[in-house]
Every structure is written in structure tokens, then in C-alpha cells.
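Single-structure report; data block below.
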Amino acid sequence: MTEAHSYTASEMLAILSARQLRDGQVVFAGIGVPLLAATLAQRTRCPALTILFEGGVIGAFVEPGKLPPSTNDQRCTKRANMVLGSADVLLLLQRGYVDVGFMGGAQIDQYGNLNSSFIGDPAKPKTRLPGTGGGNDISSLTNMIVAMKHEKRRFVENVDFITSPGFIRGGDTRRESGLPAGGMFRVITELAVFGFDDTSKRMKVLALNPGVSREEVQDNTGFTLQFDDRTEVTPPPTEHELQTLRLLDPERLFTA
Amino acid sequence: MLEAQLEPYTQLRDNMARRDRSLREKVMSLEEAASFVQDGMKVGLGGSTMSRTPMAMIWEVIRQRRKNLSVSRCIISTDGDLLFGSGASDHIISSWFAQGILWGLSKVMRHHVETQGKRFEEWSHMAVGMRYRAGGMGVPFLPTRAMLGSDVMKQRPEAKQIDCPFTGEKLLLVPALNPDVALIHVQRCDAYGNAQIDGLQFMDIDLALAANSVILTTERIVSNDQIRRAPDHTKIPFFCVDAVVEVPYGSAPHECYGLYEPMMNHMEAYVSQVNSDPVDGMRDYLEKYVYGPKSWTEYLSLIGMEELLDASQKGRSIYND
Chain X
1299 MTEAHSYTAS
1309 EMLAILSARQ
1319 LRDGQVVFAG
1329 IGVPLLAATL
1339 AQRTRCPALT
1349 ILFEGGVIGA
1359 FVEPGKLPPS
1369 TNDQRCTKRA
1379 NMVLGSADVL
1389 LLLQRGYVDV
1399 GFMGGAQIDQ
1409 YGNLNSSFIG
1419 DPAKPKTRLP
1429 GTGGGNDISS
1439 LTNMIVAMKH
1449 EKRRFVENVD
1459 FITSPGFIRG
1469 GDTRRESGLP
1479 AGGMFRVITE
1489 LAVFGFDDTS
1499 KRMKVLALNP
1509 GVSREEVQDN
1519 TGFTLQFDDR
1529 TEVTPPPTEH
1539 ELQTLRLLDP
1549 ERLFTA
Chain S
13 MLEAQLEPYT
23 QLRDNMARRD
33 RSLREKVMSL
43 EEAASFVQDG
53 MKVGLGGSTM
63 SRTPMAMIWE
73 VIRQRRKNLS
83 VSRCIISTDG
93 DLLFGSGASD
103 HIISSWFAQG
113 ILWGLSKVMR
123 HHVETQGKRF
133 EEWSHMAVGM
143 RYRAGGMGVP
153 FLPTRAMLGS
163 DVMKQRPEAK
173 QIDCPFTGEK
183 LLLVPALNPD
193 VALIHVQRCD
203 AYGNAQIDGL
213 QFMDIDLALA
223 ANSVILTTER
233 IVSNDQIRRA
243 PDHTKIPFFC
253 VDAVVEVPYG
263 SAPHECYGLY
273 EPMMNHMEAY
283 VSQVNSDPVD
293 GMRDYLEKYV
303 YGPKSWTEYL
313 SLIGMEELLD
323 ASQKGRSIYN
333 D
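Right, here's the structure in full:
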């Protein structure tokens, strides 16, 4: 594989996220980097990947250069296997048909809880954010991969508001809350790949991105990180990955 | 909270018994159909985000200066901005409220929620769907396994967490949502209201069944013969429908599957205008595009021939390339 030398943070996110998927999986993808990453995986290593969108699409096959502006637009349906109602495609998660949910994130905490609802007190919010969309459903009902920008204000000890549950307050609290299935699997940023400790359910570093130090990851994180005993360094994007990705998003809508 | 109170089953049945469900023509103008929407009503909107938004009917409702509407939609976009910004609605029920993922946060929504006391009542996407479905099924609630453990649930005392009487598991019961009136835009229907929807149907079937009345706007009115040639394409039966209005480009500047994509130049200009000034920018937009035009056709001509043709060219090729 030829190693690529120049890429944006969003391209890195999409490529590393795509590498987390396995052929044959059923993936519920959100808009932006998740849609791109799932499509990239489908066009490279995972031809039998099935992509679902919350607008009601089963088996999406997004056309290069014609990325949909949301997962509820007609472009999502191009060459899909089936369209159905949006409540029904979400119910597939509840029944257990979906292997992986794949979303972006605005704010995440040490237990993988995501906030996309409120900054500040919900009764008197500093900022009212757009809300859950399907995020709460997906994260409540399947295993999650989250791709997001790594900033200290986005990686906080406890989110202001749990919109989409990770492991709630760690340990068994997710299961005790009535969510026996799914949970956070991976968090991908431009600095590192994270998993979660089996017992405490706290976030831990599994692999550093090329050229990134442990200190750099910690300095950009609002809580103390654990590092896996076998913390690796992720191989950089290949030319093939990068070229395929750029064909999908030539206008750089989601990879600028 | 008043709007979360369930309509008693006997009242739902009485409303239904009083509706004229006979096979009758119900074609009318936008102005006439707007009389089904009265101040303070619960209004359900079909489509999702920028897709098959019943924009022409929303536009007319705003022009007729309706007030205090409690509006629900699975995912709400610039239609929510216009409803808040015009004063037509002070309460929006949805899972997601912004103009579109490309543009970040809606400054209009933020202004009205953070400083004007208007309410954006948040449910998970599936929960909105289960609320309409319960409403359409004639039951007071449906159970879900979503929202549990989250702060979205804690914000919603209207939903009840229970221990399942069969398994003992935790479940969340979400209450039925039966809008007083649903506004739904479709590709085609006949004069009776048999509606055929191409592409993504979103929650429109449950919404139509749940609502106490339905206003259909349609790109085209077709003959009943054409409907009967493909009854499997009919998604909403005529007896759910109380008014039919033919409105070409009735979702503009949003999209309608197979016919036109969103009119992105207009959307970009709109977002930049209202997000730079959610009060004056919105007032100027409403003056120019909603209150100003004499007709929907004049509104479309303000969006412009070039935009309409470009959106049509892209939309028509989606499954017909």
C-alpha cells in the first residue's frame, strides 16, 4: 500500500472510521463523516456492507459526487434495496438487525455519552442544540462508532446533558437503565482511536494516530485518559483510501 | 402540560363518526383549506427535514396569521424557523430542529427558545414515530426501548417508564399523538384524496391515520382511474383526507422525491440572512417571500426559474436516469 502524505483531519476521521467496519455488517449511518466512512468501506474492503439511513433506506449505495445533504433526502435512496417508513427503519435497531450504529458527535464524556441537546442548564440553556434526531435510538439499541473532532471542550468529564447514551455513569449503569443491548464500541478522532474498559466502561486509548503523542491526546481531553497496555500506532491513510474518499466527496462537503 | 394530555378514546371515536368519510370530491384552494387550521390547534407536518415538506400549506397558514399552533414533525427544518419566526407557533415537537446539517445550528430556533420562551419539545426520532403510530392505532401509548437512561427521557414527564408486566424489563411508554390536523404533501392524488407517495414515506401514513383531519397538497391531481391502475402505490386512503389542494412545487424550496431536489441557492441565501439576524433577517424574508407574493406561483417566481429548473433536472433523474 502506498502511504498518503497530505490529508485533512476530516479525511483522516473518515478513513479510520471506515477501517472499523467489517464486510457483511449492517450499519446504521448518520450524515456527514459516518455516511462517507460507511460508503468508503463499502467501496474498498466491504462490498457486502449494508447501509441503513434513518429516512427509511435499506442498502444504500450513494453515488460519488452526489452526497445527500441529509439522511432524509432522495439522494440517499439511489440504487437502494428498499425504502420504508422512518419509524420502521428505526425499529430494525430495536429488533436487533443492526450490527453497528455510526454517528458524529458534538460533545462526549468519559463514559461515551453524547450531548447534542443543550449547552448549560436545560431549564435556561446557554445554547439550544438541534437535538437527538435518531441518535438516541441508535445509541440506545446497537453498538456505536462515533467519529468526531478532538477538542478539550468536546471531550468532557461529564456531558451537560445525555442525549444519546453511552455507558451512562459507567459499570453496569447502562444495563440497569433498561439498555441491555449495544453500547459505545469505538470513538475515532483526528488524534486517536478509543475503546472502553470492560469493567469501568471508561474511555481508553487503543491506538494513536500517526505522529500524535500520548501527551497531545491527554492535553486535548477534559478528563484523565487511560491508555491500553498495547496502545498501538495506527497506519496512515493509503493513497487508495484517500483517492476513493475524494471521488466520493469531490466538492469536500464533509471532508474540508 | 395540556398538549400531552391524551384525547379520550370516546372523543376520538366521536370525532371520527362525525367526519364525512364518503367517497366525495374535496378539491379546494390553499386559502379554503387553511380554514381547517385554527388558532391553538395541534398540527402534524408530513415529510422530514428538507423532504416533501408541506411548505405551500405552511406558507398559507402563516399568511392567514394563525397563532399558538402546537406543531409536530419527525425532523423539522426551515419550516420550523418560519413557524416560530412568524409567530404562528410557540411550541414545536420534534427529534431535531435546525435548518440542515450543512448549516450547523438554527439561530432562529435558538433566538426563540433561548430568549423568547418558545418551546422545542424533544423526543427521539423513533419515539415521535411511535407516538403517531399509537395515535393511528387508537391506543393511548406504545412501548419503546429507546430514550431510557437518557436526559431526553428525564425532560419528558409525558412518557412513563414501567417494568414490563411480562418480563420485568424497563420499558418506556410514549403517549399517542393525535394532531387536530395533519398537513401532508404528496406527488399525486385523486380528487377524493387517495394519495400515492413515491420514495421515502417518512411517518406520513401513521400521521394521516392519527390525525383528526388531513389536508393533502399534491403536485398533481390525477384521475381515480389512474389510482385504481396501481392501488399498491396508494399510501393514504381517501377517507383519511378532508381537503385536496393541487400545488405544483408545493415543497419549494425543499425537495419532492422524483420531481425536484432542494433549491440550494435559495436555501443558502435564506440561512445566511436569518442566521446573521434572526429577527430582522426573518422579518424581511417573511415580507418578501410569504406575505408579499399574491400567489404561490408568484412565490415560485421569486425563487426563480433557474433554481426551479435546476432542482427539477436533478430531482427527475433520481430513479429515471
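Top line first, the protein sequences correspond to chains X and S. Start counting at 1 in the first sequence, then tack on 1298, and there's your number in the numbering used here. Start counting at 1 in the second sequence, then tack on 12, and there's your number in the numbering used here. All C-beta atoms in this analysis are idealised placements derived from N, C-alpha and C, irrespective of residue type, glycine included.
Relative to the alpha-carbon of residue i, which residue among the options has its alpha-carbon at the smallest distance?
| i | options | result |
| --- | --- | --- |
| S:A158 | S:R168, S:H197, S:R78, S:L212 | S:R168 |
| S:S98 | S:I330, S:I196, S:N80 | S:N80 |
| X:L1546 | X:T1342, X:G1322, X:E1301, X:L1319 | X:T1342 |
| X:G1432 | X:Y1305, X:Q1524, X:G1354, X:Q1340 | X:G1354 |
| S:E299 | S:S41, S:I74, S:A46 | S:I74 |
| S:R25 | S:G270, S:S307, S:D289, S:L221 | S:L221 |
| X:A1385 | X:A1378, X:L1350, X:K1499 | X:L1350 |
| X:K1424 | S:E126, S:G180, S:R31, S:V120 | S:E126 |
| S:A45 | S:I227, S:G112, S:L160, S:D210 | S:I227 |
| S:S84 | S:L95, S:R78, S:I315 | S:L95 |
Near residue i, which residues of its chain fall below 6 Å by C-beta distance, leaving aside the five closest residues on each side in sequence?
| i | result |
| --- | --- |
| S:A146 | F153, L154, A188 |
| S:E15 | Low per-residue confidence applies at S:E15: pLDDT is 45, beneath 50, and the placement is therefore not dependable, though the value from the model is reported in the following sentence. Hits under 6 Å: S82. |
| S:N206 | I239, T246, F250 |
| X:L1333 | A1327 |
| X:L1489 | H1448, N1507, V1510, V1515 |
| X:N1413 | Q1405, V1457, D1458, F1459, T1461 |
| X:S1415 | L1427, G1429, F1459, T1461 |
| S:Y21 | none |
What does residue i reach in chain S if we use C-beta pairs closer than 7 Å?
| i | result |
| --- | --- |
| X:K1376 | I330 |
| X:N1434 | S136, A158, M159, S162, V164 |
| X:L1546 | Near X:L1546 there are no residues of chain S at all, since even the closest Cβ is about 16 Å away, more than 7 Å. |
| X:I1406 | Those do not exist, as X:I1406 stays about 14 Å from chain S at its closest Cβ, beyond 7 Å. |
| X:G1330 | I113 |
Got a sec? Which residues, its chain only, sit under 7 Å from residue i by beta carbon, not counting five neighbours each side?
| i | result |
| --- | --- |
| X:G1520 | K1450, F1453, V1454, E1455 |
| S:S313 | none |
| X:Q1392 | L1439 |
| S:D322 | none |
| S:M53 | L81, D192, V193 |
| X:R1377 | F1359 |
| S:M13 | With a pLDDT of 43 at S:M13, under the threshold of 50, the modelled position of that residue is not reliable, and no figure is offered here. |
| S:Y297 | Y282, Q285, V286 |
Using a threshold of 7 Å, is the CB atom of residue i nearer than that to any non-hydrogen atom of the ligand MN?
| i | result |
| --- | --- |
| S:N80 | Among the ligands in the structure shown, none appear at all, so the ligand MN cannot be discussed. |
Name the chain X residues whose beta carbon is nearer than 7 Å to that of residue i?
| i | result |
| --- | --- |
| S:C86 | S1384 |
| S:S337 | Nothing about residue 337 of chain S can be read from this structure; chain S reaches only from 13 to 333. |
| S:V83 | Residues of chain X passing the Cβ test: none, with the nearest at roughly 15 Å. |
Considering only residues of the same chain and omitting the five flanking positions on each side of residue i, which have a CB-CB separation below 8 Å?
| i | result |
| --- | --- |
| S:G141 | C86, M215, D218 |
| S:M40 | A255, V256, V257 |
| S:L320 | Y261, A264, Y272, M275, L312 |
Given that residue i touches chain X, what residues does it touch there, using C-beta distances under 8 Å?
| i | result |
| --- | --- |
| S:I335 | Outside the modelled stretch of chain S, which goes from 13 to 333, sits residue 335 of chain S, for which no answer is possible. |
| S:L122 | One point to set straight first is that residue 122 of chain S is Arg, not Leu, in the sequence displayed. Under the 8 Å cutoff, chain X gives T1425, R1426. |
| S:G211 | Q1372, T1375, V1381 |
What in chain S is Cβ-close to residue i, meaning under 8 Å?
| i | result |
| --- | --- |
| X:E1352 | H137 |
| X:I1486 | By Cβ distance, chain S contributes nothing, its closest Cβ being about 19 Å from X:I1486, past 8 Å. |
Please list, in chain order, the chain X residues whose beta carbon lies closer than 9 Å to that of residue i.
| i | result |
| --- | --- |
| S:G327 | Q1372 |
| S:M62 | P1367, S1368, N1370, D1371 |
| S:G150 | The contacting residues do not exist; S:G150 stays about 17 Å from chain X at best. |
| S:E126 | K1422, P1423, K1424, T1425, R1426 |
Beta-carbon of residue i versus every beta-carbon of chain B: anything under 8 Å?
| i | result |
| --- | --- |
| X:R1452 | Protein chains in the displayed structure are X and S, and chain B is not among them. |
Can you pull the chain S neighbours of residue i, defined as C-beta to C-beta under 9 Å?
| i | result |
| --- | --- |
| X:G1476 | R157, L160, G161, Q173, E181, K182, L183, L184 |
In chain order, what are the residue ranges of uninterrupted beta strand (DSSP E) at least 3 long that sit wholly in the segment 57-93 of chain S? 81-84
What residues in the segment 130-145 of chain S have a beta carbon less than 9 Å from any beta carbon of chain X? F132, E134, W135, S136, H137, M138, A139, V140, G141, M142, Y144, R145
Select from the segment 1488-1520 of chain X all residues with a C-beta closer than 7 Å to any C-beta belonging to chain S, and list them in chain order. none
Of all the residues that make up the segment 154-179 of chain S, which are near chain X by a beta-carbon distance shorter than 8 Å? T156, R157, A158, M159, L160, G161, S162, D163, V164, Q167, Q173
May I ask you to list, following chain order, the residues of the segment 93-114 of chain S that have a beta carbon less than 9 Å from some beta carbon of chain X? S106, S107, W108, F109, A110, G112, I113, L114
Anything in the segment 264-292 of chain S with a Cβ closer than 8 Å to a Cβ of chain X? List those residues in chain order, please. E267, Y269, G270, E273, P274, M276
Closer than 7 Å, Cβ to Cβ, to anything on chain X: give me those residues from the segment 49-60 of chain S, in chain order. S60
Contacting positions in the segment 181-201 of chain S - beta carbon closer than 9 Å to chain X: E181, K182, L183, L184
Go through the segment 106-132 of chain S residue by residue and report every complete run of the alpha helix (DSSP H) that reaches 4 residues or more, in order. 119-126
Those runs of the beta strand (DSSP E) which lie wholly inside the segment 216-263 of chain S and span at least 3 residues: 226-233, 246-248, 255-258
So within the segment 1375-1434 of chain X, which uninterrupted beta strand (DSSP E) runs reach at least 3 residues, ignoring any that extend past its ends? 1398-1402, 1405-1407
Quick one, which residues of the segment 224-248 of chain S are near chain X if we go by CB-CB under 9 Å, in chain order? none
Which residue spans inside the segment 1438-1496 of chain X form an unbroken alpha helix (DSSP H) run of at least 4? 1471-1474
Of all the beta strand (DSSP E) runs that stay within the bounds of the segment 158-183 of chain S, which reach a length of 3 or more residues? 172-175
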